[in-house]
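Peer 1:
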Amino acid sequence: MEKNLFRRIPKVDVLLETKQCKEMIDQYGYQIVIESIREELEQIRAQILNGKSEEEVLLLIDHILSSIENKAKEKEQFHIRKVFNGTGTILHTNLGRAPLSVTHMEKITEIASGYSNLEFELEKGERGERYSHFEKLLCKITGAQAAMAVNNNAAAVMLVLNTMAKGGEAIVSRGELVEVGGKFRIPDVMEQSGTILREVGTTNKTHLFDYENAITEETKVLMKVHTSNYRIFGFTNSVSMKELGSLKEKYELPIIEDLGSGVLLDLEKYGLAHEPTVQESIQNGADIVCFSGDKLLGGPQAGIIVGKKKYIDQMKKNQLTRALRIDKFTACALEAVLREYLSEENAIKNIPVLEMITRPLEQVQEAAEELCYRLTREEFPAVICTQKCMSQIGGGSLPMEQIESMAVSIQPHFISTELFAKRLRTLPIPVIGRVMDEKFLLDMRTFDRTGIAYFVEMLKIDRIFKVDR
Ligand SMILES: *Cc1c(COP(=O)(O)O)cnc(C)c1O
């Protein structure tokens, strides 16, 4: 019986001779089609060995050509893909954190698709610095003397410590020994950078005298880490940058701060909790501040370092910098995004992350109503309505902050919400939402408006609501 079934599987040569396969070869090329055929045949054989019933196996064989075509289609597709983000998490690390604007990308395309003056001083005709394109901008915006950037903020912390405290001690409060996403742990990074961590204070309380008592000949820097991804409440005390600054003169020690998110404007104005800005940190006496390029700053992945020129110069010369350096995409993107900060109005309008955070609820509501209306009109087999929800910043920034938002809620009649969500994830442009209380939610604050028409069309043609065969 099993043997019989094996015999029913079409041979490769026979399949290759079918009209459909010939068409597929024209479209996808021979290599992709032959691989798809072999994989499909292999799968059917495995199903037989696993004891699938005759009926089920024959059904698979009936559909063999369309299964092969699906495989070919998938192979032809890029693995990395655009997705529509309906999760409501603005800085979603798994979905690429900060999106860049099309206008900024046009500039990047122009620069990266040809040659540029990345490290070339046009006037002098000499070798230049890749930081030159955004260093002055950063200084102007933050009030720092000098600036540079490396691959990401984890790299920045490593470089700062390696340059300023290698072989010596860095004093950090126990309340600031954080782990951020992706297993980045401050104590581990310090060790990697060749710095000895000198913990002071307790989890909830650290005082100025804790730092002062820990200072010895071995101390190289005082370090503050912004606890960007969690908050402690109640009986707490931490030492501010200003207070720490009072030790600087007396002991001649530099203070460095890892700010995590690179906030360059006052978010309180837009109804969010106060998040310390880079400007404040510099003003309050930090000698070196580092932060991410793709968190609240809304730019490319980068670790930006600003502060005293004498330290930045040392970092530029550090061998590690060569290993951590940014490429032309990043240099160009940083210039494009930072230019927007010269006017707060432009920043809010033209940097997608800031635009999403500050977008008025009415606008989000409108988008939700439009999508809901268009879905309802199609009479899909589902309960569809708009629903209030909360967006979050994400990316380990402002953990307590939630922004009022509006979602479209879809609850299919005949299939589970999980299956529905899964089918949406496998669309040519995947749609990622949130499943809550058996409902599939698309938060319209992060869902790109250009996705509305696409989404409605996909629900129509892909039989997404159908019960499995
Ligand atoms: C996010 C974060 C980092 C790591 O930044 P990446 O750019 O993701 O490498 C380091 N320190 C703090 C405090 C952070 O919040």
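Going by our numbering, the first residue of the sequence shown is number 314, and it counts up by one from there.
Note that CB positions come from ideal geometry on N, CA and C, so glycine has one too.
For clarity, every value in this text was computed on a predicted model and none was experimentally measured.
(1) Pull the bridge partners of residue 402 from the DSSP assignment, please.
(2) Just to check, is the beta-carbon of residue 614 closer than 8 Å to a non-hydrogen atom of ligand 1?
(3) Going by the beta-carbon positions, is the gap between residue 670 and residue 403 smaller than 9 Å?
(4) Check residue 532 in the structure and name its three-state DSSP category.
(5) Could you tell me which whole alpha helix (DSSP H) segments of length 4 or greater appear in the region 463-524?
(6) Provide the residue span of the beta strand (DSSP E) that contains residue 720, from first to last.
(7) Once DSSP output is grouped into helix, strand and coil, what is the label at residue 590?
(8) Drop a sphere of 10 angstroms on the beta-carbon of residue 510, count the other beta-carbons inside from all chains shown, and report buried for 16 or more, exposed for fewer.
(9) Of all the options 774, 524 and 488, which has the alpha carbon lying nearest to the alpha carbon of residue 515?
(10) Which stretch, first to last residue, makes up the alpha helix (DSSP H) that contains residue 558?
(11) Given residue 374, which residues of its chain have a CB within under 8 Å of its CB, disregarding the five upstream and five downstream residues?
(12) Whole alpha helix (DSSP H) runs in the region 629-674 with 4 or more residues, listed along the chain?
(13) Taking the continuous beta strand (DSSP E) assigned at residue 752, which residues delimit it?
(14) Once you ignore the five residues that flank residue 378 on each side, which residues in its own chain have a CB closer than 6 Å to its CB?
(15) Does the beta-carbon of residue 744 have 16 or more other beta-carbons within 10 angstroms, so that it is buried, or is it exposed?
(16) For the alpha helix (DSSP H) containing residue 377, list its first residue and its last residue.
(17) Quick check on this structure: which residue in 582, 570 and 584 has the alpha carbon closest to the alpha carbon of residue 591?
(18) Per DSSP, what are the beta-bridge partners of residue 747 in this structure?
(19) Is the number of C-beta pairs between the region 494-513 and the region 468-477 that are closer than 8 Å three or more?
(20) With distances taken between CB atoms, is the gap from residue 354 to residue 325 smaller than 9 Å?
(21) Spatial neighbours of residue 778 within its chain, please: C-beta separation below 7 Å, excluding the five flanking residues on both sides.
(22) Look up residue 700 in the DSSP assignment and give the residues it is bridged to.
(23) Using the three-state DSSP reduction, which class does residue 545 fall into: helix, strand or coil?
(24) With 16 as the cutoff for other CB atoms within 10 Å, does residue 436 come out buried or exposed?
(25) Quick check: the region 590-608 against the region 420-435, are there 3 or more CB pairs under 8 Å?
(26) Which residues bound the alpha helix (DSSP H) around residue 580?
(27) Please work out which residues of its chain come closer than 6 Å, Cβ to Cβ, to residue 753, disregarding the five sequence neighbours upstream and downstream, and give them in chain order.
(28) So residue 616 and residue 407 are supposed to be a Cβ contact under 8 Å. How far apart are they, rounded?
(29) So who's on the other strand from residue 338, going by DSSP bridges?
(30) Work out the CA separation of residue 741 and residue 388 for me, nearest whole Å.
Peer 2: Short version:
(1) Within the sequence shown, the letter at position 89 stands for residue 402. Note: residue 402 sits in a beta bridge opposite 705.
(2) Within the sequence shown, numbered from 1, the residue matching residue 614 stands at position 301. Yes, Cβ of residue 614 sits closer than 8 Å to a heavy atom of ligand 1.
(3) Working through the sequence shown from its first residue, we reach residue 670 at position 357. Working through the sequence shown from its first residue, we reach residue 403 at position 90. The Cβ atoms of residue 670 and residue 403 sit closer than 9 Å to each other.
(4) Against the sequence shown, residue 532 aligns to sequence position 219. Three-state result, residue 532: strand.
(5) Every unbroken stretch of the alpha helix (DSSP H) spanning 4 or more residues and falling wholly within the region 463-524 is given here in chain order: 466-478 and 499-505.
(6) Your numbering for residue 720 matches position 407 in the sequence shown. 710-725 is the span of the beta strand (DSSP E), which, as asked, contains residue 720.
(7) Here residue 590 refers to the residue found at position 277 when the sequence shown is read from its first residue. Here residue 590 sits in coil by DSSP.
(8) By one-based count along the sequence shown, residue 510 stands at place 197. By the 10 Å Cβ count, residue 510 comes out buried.
(9) Locating residue 515 in the sequence shown gives position 202, where the first residue counts as 1. Put simply, of 774, 524 and 488 the residue whose alpha carbon is nearest the alpha carbon of residue 515 is 488.
(10) Taking the first residue of the sequence shown as 1, we reach residue 558 at position 245. Taken as a continuous stretch (DSSP letters only), the alpha helix (DSSP H) holding residue 558 covers 554-564.
(11) The residue given as residue 374 occupies position 61 in the sequence shown. Hits under 8 Å: 321, 322, 323 and 357.
(12) The DSSP assignment places 632-637, 641-653, 657-663 and 665-671 as complete runs of the alpha helix (DSSP H) inside the region 629-674, in order along the chain (cut-off: 4 residues).
(13) Taking the first residue of the sequence shown as position 1, residue 752 is located at position 439. Its beta strand (DSSP E) spans residues 752-756.
(14) To locate residue 378, count along the sequence shown from 1; it is residue 65. Taken in chain order, the residues that qualify are 333.
(15) Counting from 1 along the sequence shown, the entry for residue 744 is found at position 431. When all chains shown are included, residue 744 counts as buried.
(16) As a working note, residue 377 is residue 64 in the sequence shown. That run of the alpha helix (DSSP H) goes 377-389.
(17) In the sequence shown, the residue the question calls residue 591 occupies position 278. Checking every option, the nearest Cα to that of residue 591 belongs to 570.
(18) Against the sequence shown, residue 747 aligns to sequence position 434. Looking at the DSSP assignment, residue 747 forms a beta bridge with 754.
(19) Three or more beta-carbon pairs separated by less than 8 Å link the region 494-513 to the region 468-477, which places the two stretches in contact.
(20) Locating residue 354 in the sequence shown gives position 41, where the first residue counts as 1. Locating residue 325 in the sequence shown gives position 12, where the first residue counts as 1. Cβ atoms of residue 354 and residue 325: closer than 9 Å.
(21) Residue numbering aside, residue 778 sits at position 465 when the sequence shown is read from its first letter. Apart from sequence neighbours up to five positions away, the residues of its chain that approach residue 778 with a beta-carbon distance below 7 Å are 693, 694, 695, 725, 727 and 728, ordered along the chain.
(22) Residue numbering aside, residue 700 sits at position 387 when the sequence shown is read from its first letter. Bridge pairing for residue 700: 720 [DSSP].
(23) Locating residue 545 in the sequence shown gives position 232, where the first residue counts as 1. In this structure, residue 545 counts as coil in the three-state DSSP scheme.
(24) By 1-based counting over the sequence shown, the position of residue 436 is 123. An exposed status is given to residue 436, since fewer than 16 other beta-carbon atoms sit within 10 Å of its beta-carbon.
(25) No contact exists between the region 590-608 and the region 420-435.
(26) In the sequence shown, residue 580 corresponds to position 267, counting from 1. Following the DSSP letters along the chain, one finds residue 580 in no alpha helix (DSSP H), marked with neither H nor E.
(27) In the sequence shown, residue 753 corresponds to position 440, counting from 1. Closer than 6 Å at the Cβ level, and outside the excluded window around residue 753, lie 723, 730, 733, 734 and 746.
(28) For the purposes of this step, residue 616 is identified with residue 303 of the sequence shown, where counting begins at 1. For the purposes of this step, residue 407 is identified with residue 94 of the sequence shown, where counting begins at 1. With a beta-carbon spacing of about 20 Å, residue 616 and residue 407 fall beyond the 8 Å limit used to define contacts.
(29) In the sequence shown, the residue the question calls residue 338 occupies position 25. Note: residue 338 sits in no beta bridge, so no partner.
(30) Your numbering for residue 388 matches position 75 in the sequence shown. Your numbering for residue 741 matches position 428 in the sequence shown. In this structure, the CA atom of residue 388 is about 12 Å from the CA atom of residue 741.
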